[in-house]
Amino acid sequence: MRLGYFKRALLVVLILIFTCVFSASAVLLETTVSGEVTKINEADNVIKLHTNEVWNGESWVMYSVTSLDKQDLTGSVPDGDIFDYLQTGDIIQGTFTGDEVSTVIFVTVARVERPDSSSRYLSDSWGDPSLLVSPFFNNFKISYEMTADCNECTGSVCTADSSDVSVSQGWQGQNYLTETTMVPGEKYIFTSPEGCQSELAVTFVEGQASADVCSRALVEGPQPFSDFAIHVVQKGTETGVTVTPSSTITETVTTSATKQPEATQSPGFSVAVVVIGIMAALCLRK
1 MRLGYFKRAL LVVLILIFTC VFSASAVLLE TTVSGEVTKI NEADNVIKLH TNEVWNGESW
61 VMYSVTSLDK QDLTGSVPDG DIFDYLQTGD IIQGTFTGDE VSTVIFVTVA RVERPDSSSR
121 YLSDSWGDPS LLVSPFFNNF KISYEMTADC NECTGSVCTA DSSDVSVSQG WQGQNYLTET
181 TMVPGEKYIF TSPEGCQSEL AVTFVEGQAS ADVCSRALVE GPQPFSDFAI HVVQKGTETG
241 VTVTPSSTIT ETVTTSATKQ PEATQSPGFS VAVVVIGIMA ALCLRK
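Numbering (the UniProt record's numbering), first residue to last: 1 to 286.
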């Protein structure tokens, strides 16, 4: 009697573990690559990229030593503004989700200002800046925190009604920090110290935040992504755009824009699934 109860209890535990393992795979796999734009198709909202390097989390490595199946990628872009700036032959950095079997989805695309420089400064970016590897020209760096509208959630993500944006600029501890709160559609010019001839023009297009901040229950699904159009501009050549929110949202929760963990399955994933299956079968034999 007790042995049978133990087996049933063990089976329940194994099923829960099995469920948790597969729930984690709902997070979208992110891959960051760098290469040359070989084709632009504005009508279909896609670009084609010849991949030269892949970011491994610590450094750039040559495509030939990675596990990517395809070197030439076709992907949709996160923002239509990109077609006013990007040209064939440009070197870009991009982060896409999913595999590279067909058309990938770029959630971040950034144009490299000086491709031959080891510093790899960026001149423009579109999509989610939390996934950027390199800083912008003049060492501009951007981060953000989204404020979720808990009345506008679908699955694992909520619409963000505002974003606290921080931009730093400088070197060797002499960083100048500017912070502001932006709403979708708003454009803000982050100025640089006297003597610097460039500024950072940031447009907050739209944002998402994790639904976890609005619910005590764990919500399965893909991670949130946000869209900013960011450009390094000549000082004094751009002006900001202020947008008045259409309504005041009272039920909001702030979430940080730290980079989401990649959904790369560990080497032991398949082994764990097999072991769980065997143990469950043994429990049901008697």
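All residues carry an ideal CB built from backbone N, CA and C; glycine is no exception.
Computed from a prediction, not measured in an experiment: that's the story for all the values here.
Nearest-angstrom Cα separation, counted from residue j out to residue i
{"i": "residue 183", "j": "residue 65", "result": "42 Å"}
{"i": "residue 52", "j": "residue 151", "result": "43 Å"}
{"i": "residue 225", "j": "residue 36", "result": "24 Å"}
{"i": "residue 83", "j": "residue 231", "result": "13 Å"}
{"i": "residue 174", "j": "residue 141", "result": "13 Å"}
{"i": "residue 210", "j": "residue 110", "result": "24 Å"}
{"i": "residue 241", "j": "residue 185", "result": "8 Å"}
{"i": "residue 148", "j": "residue 27", "result": "19 Å"}
{"i": "residue 71", "j": "residue 46", "result": "16 Å"}
{"i": "residue 189", "j": "residue 120", "result": "22 Å"}
{"i": "residue 124", "j": "residue 132", "result": "11 Å"}
{"i": "residue 212", "j": "residue 235", "result": "40 Å"}
{"i": "residue 153", "j": "residue 215", "result": "10 Å"}
{"i": "residue 177", "j": "residue 239", "result": "19 Å"}
{"i": "residue 155", "j": "residue 218", "result": "11 Å"}
{"i": "residue 69", "j": "residue 237", "result": "43 Å"}
{"i": "residue 220", "j": "residue 159", "result": "16 Å"}
{"i": "residue 193", "j": "residue 85", "result": "26 Å"}
{"i": "residue 40", "j": "residue 191", "result": "32 Å"}
{"i": "residue 54", "j": "residue 63", "result": "6 Å"}
{"i": "residue 87", "j": "residue 157", "result": "33 Å"}
Residue i, buried or exposed, once every other Cβ within 10 Å from all chains shown has been counted against 16
{"i": "residue 58", "result": "exposed"}
{"i": "residue 43", "result": "exposed"}
{"i": "residue 114", "result": "exposed"}
{"i": "residue 144", "result": "buried"}
{"i": "residue 146", "result": "buried"}
{"i": "residue 319", "result": "There is simply no residue 319 to check, as the chain begins at 1 and stops at 286 in what is shown."}
{"i": "residue 73", "result": "buried"}
{"i": "residue 208", "result": "buried"}
{"i": "residue 223", "result": "buried"}
{"i": "residue 243", "result": "exposed"}
{"i": "residue 61", "result": "exposed"}
Residue i vs residue j beta-carbon contact at 8 Å
{"i": "residue 138", "j": "residue 198", "result": "yes"}
{"i": "residue 49", "j": "residue 89", "result": "no"}
{"i": "residue 98", "j": "residue 29", "result": "yes"}
{"i": "residue 122", "j": "residue 107", "result": "no"}
{"i": "residue 181", "j": "residue 164", "result": "yes"}
{"i": "residue 95", "j": "residue 38", "result": "no"}
{"i": "residue 134", "j": "residue 169", "result": "no"}
{"i": "residue 91", "j": "residue 130", "result": "no"}
Neighbourhood of residue i by C-beta distance below 7 Å, restricted to the same chain and skipping five residues each side
{"i": "residue 79", "result": "126, 127, 205, 227, 229"}
{"i": "residue 81", "result": "126, 229"}
{"i": "residue 105", "result": "75, 76, 96, 97, 98"}
{"i": "residue 56", "result": "none"}
Beta-carbon contacts of residue i that lie in its chain and below 8 Å, excluding the five residues immediately before and after
{"i": "residue 171", "result": "139"}
{"i": "residue 103", "result": "46, 74, 75, 76"}
{"i": "residue 196", "result": "138, 169, 235"}
Whole-Å CB distance - residue i paired with residue j, under 8 Å assumed
{"i": "residue 187", "j": "residue 167", "result": "About 13 Å; that fails the 8 Å criterion."}
Beta-carbon proximity list for residue i, same chain, < 6 Å, skipping 5 on both sides
{"i": "residue 233", "result": "199, 201"}
{"i": "residue 295", "result": "Past the edges of the chain, shown from 1 to 286, lies residue 295, and the structure says nothing about it."}
{"i": "residue 179", "result": "166"}
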